[in-house]
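Written out below as structure tokens is the structure these notes cover.
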Amino acid sequence: MILKTLIIFMPSRFFSIFCSQCDRFILRYRKKGSGSLIRVYLNQISEPEHFKEYKQVTTKSEIPPLNCTQCGQRIGATVIHESGNRPAYKLIKGSFRKKET
Numbered sequence: 001m002i003l004k005t006l007i008i009f010m011p012s013r014f015f016s017i018f019c020s021q022c023d024r025f026i027l028r029y030r031k032k033g034s035g036s037l038i039r040v041y042l043n044q045i046s047e048p049e050h051f052k053e054y055k056q057v058t059t060k061s062e063i064p065p066l067n068c069t070q071c072g073q074r075i076g077a078t079v080i081h082e083s084g085n086r087p088a089y090k091l092i093k094g095s096f097r098k099k100e101t
């Protein structure tokens, strides 16, 4: 019996995330699929570059907090998502503004 692999291509979009308090750029993110932007996975953050060093971490304590660098507002909480132990930030509603780019 031959098994065929089904590959489903999910549409992806890029979003720029800004602080809702001071409008400072926080990050650029590639979101796969439809739906709300609830969390951002570190391996899908394209800017700024310093996030790339945290792609393979396995504990929350290794991930820096997601705060605005200008006003200090907290944008997201660090999480390790159950599906695949993926490091991510769970975004805090009202703390950010997104713009599709």
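Residue numbers (UniProt numbering): 1 to 101. We put the beta carbon where it would ideally sit given N, CA and C, even for glycine. All values derive from a computational prediction rather than experimental measurement.
Other residues of its chain near residue i: CB distance less than 7 Å, five sequence neighbours each side excluded
i	result
residue 97	18, 20
residue 95	20, 73, 74, 75
Residue i - partner residues in DSSP beta bridges
i	result
residue 76	66, 91
residue 54	Per DSSP, none; premise fails for residue 54.
Same chain only: Cβ atoms within 8 Å of residue i, ignoring 5 sequence neighbours per side
i	result
residue 38	90, 91
residue 58	80, 85, 87
Contact under 8 Å by Cβ, residue i with residue j
i	j	result
residue 68	residue 24	yes
Cβ-Cβ separation, residue j to residue i (assumed contact under 8 Å), whole Å
i	j	result
residue 77	residue 41	Not a contact, Cβ separation roughly 14 Å.
residue 15	residue 99	7 Å
Discussion item. Check whether the region 21-29 and the region 38-51 touch, using three or more Cβ-Cβ pairs below 8 Å as the test.
Written reply: yes
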